[in-house]
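The structure appears below as structure tokens.
2 protein chains.
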Amino acid sequence: MGVTKTNLFTEDQNKIAAFAKAFAHPARVAILQKLKEINSCYNGDLVVDLGLAQATISQHLKALKEVGVIKGTISGTSVSYCIDPIVWKELNEEMNSLFSLDFGCGSEDCC
Amino acid sequence: MGVTKTNLFTEDQNKIAAFAKAFAHPARVAILQKLKEINSCYNGDLVVDLGLAQATISQHLKALKEVGVIKGTISGTSVSYCIDPIVWKELNEEMNSLFSLDFGCGSEDCC
DNA sequence: TTACTTCATTGCAATATTACGATTAATAAA
DNA sequence: TTTATTAATCGTAATATTGCAATGAAGTAA
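If you're matching them up, the sequences are chains P and G in order.
Here our numbering is used: the first residue of the first sequence is 13, the next is one more, and so on.
Here our numbering is used: the first residue of the second sequence is 13, the next is one more, and so on.
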């Protein structure tokens, strides 16, 4: 059916999945890296930088905004984008909690 | 066109995106959490645990295997799954590198 | 006002993903 | 051998995603 059965999973699991989706496309990874790299608001030309059509990039930015990882403010003719520090931190913690625990399979009787 | 233009991006960006896809569905998050939780090989019944059809779960497991995060060995009637420690570590580092750097936007003249 | 610029939105087409029933393959148990 | 049992695969349907041209909206500059 192509539709995720969200109700089967915990809120946490759905949240992690939603966050992960933000990184699940190289263009969005590239955008986020750019925003981090410049270490502040971005005013450059993502269309030139990424090589995708303007409409496509706008769509990716929208997706990132919907997850909340980035925010943008209109300033005159152009829009400035930057990472939302609060959400970024939450994302970071969410990911850390996934990776934090040790796990086995170091034992030889395993897989 | 529904097809990602992989060639426009760096190998690293594509890799991160591929890894992120492993987490981009709550069922796969649930599976990975389960594998970590039990801290070794899994022989339980994911169908009962997750509430999805057997075919669907098999599909998710295949996806995870293709990324390399998990591995499975056939032992008699059933298959044991566990996280691949090597790939898991790589994944962890990849994610850390994304989140590691500080970024601005703390300044008030920003967004 | 009339361009011009820039980003968002709309409307498509192509492809990918999610889900499941049915089938198949492989082993274990009788 | 026959009969479970278990997981992978196939086929199909529904929905989501990706990408872009065209258009729209809102400002700037002339």
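Ideal placement from N, C-alpha and C gives every residue a C-beta, glycine not left out.
Around the beta carbon of residue 43 of chain G, a 10 Å sphere encloses 16 or more other beta carbons of the protein chains shown; the residue is thus reported as buried.
Residue 77 of chain P and residue 107 of chain G have their C-alpha atoms some 20 Å from each other.
Counting along the chain, the unbroken beta strand (DSSP E) around residue 91 of chain P starts and ends at 90-95. According to DSSP, residue pairing for residue 84 of chain P in a beta bridge involves P:93. By the criterion of at least three beta-carbon pairs nearer than 8 Å, the region 21-30 of chain G is in contact with the region 31-46 of chain P.
Residues of the region 31-48 of chain P with a C-beta atom less than 9 Å from some C-beta of chain G are 31, 32, 33, 34, 35, 36, 37, 38, 39, 40, 41, 42, 44, 45, 47 and 48, listed in chain order. By the Cβ test, the region 92-109 of chain P is in contact with the region 65-84 of chain P, since at least three Cβ pairs between them sit closer than 8 Å. The three-state secondary structure of residue 34 of chain G, taken from DSSP, is helix.
Within the same chain, and ignoring the five residues on either side of residue 62 of chain P in sequence, the residues whose Cβ sits closer than 8 Å to its Cβ are 39, 42, 43 and 69. Those residues of the region 63-80 of chain P placed with their C-beta closer than 8 Å to a C-beta in chain G are 63 and 64, ordered along the chain. Residue 68 of chain G: member of the alpha helix (DSSP H) spanning 66-79, first to last residue.
Between residue 28 of chain G and chain P, the shortest Cβ-Cβ separation is below 8 Å. By the neighbour-count criterion, in which 16 or more other beta carbons inside 10 Å mark a residue as buried, residue 25 of chain P falls on the buried side.
Shown here, residue 17 of chain P sits in coil according to DSSP, grouped into three states, outside any helix or strand. Under the three-state reduction of DSSP output, residue 57 of chain P falls in the coil class, being neither helix nor strand. One Cα belongs to residue 67 of chain G, the other to residue 74 of chain G, and the distance between them is close to 10 Å. Only residues of its own chain outside the window of five on either side were considered, and among them 26 have a CB closer than 8 Å to the CB of residue 18 of chain P, listed in chain order.
Looking at the backbone, the Cα of residue 58 of chain G and that of residue 49 of chain G are separated by about 13 Å. In terms of beta-carbon proximity, residue 20 of chain G lines the interface with chain P, with at least one pair separated by less than 8 Å. Excluding sequence positions up to five before and after residue 99 of chain P, its CB lies within less than 7 Å of the CB of 80 and 81, all in the same chain and listed in chain order.
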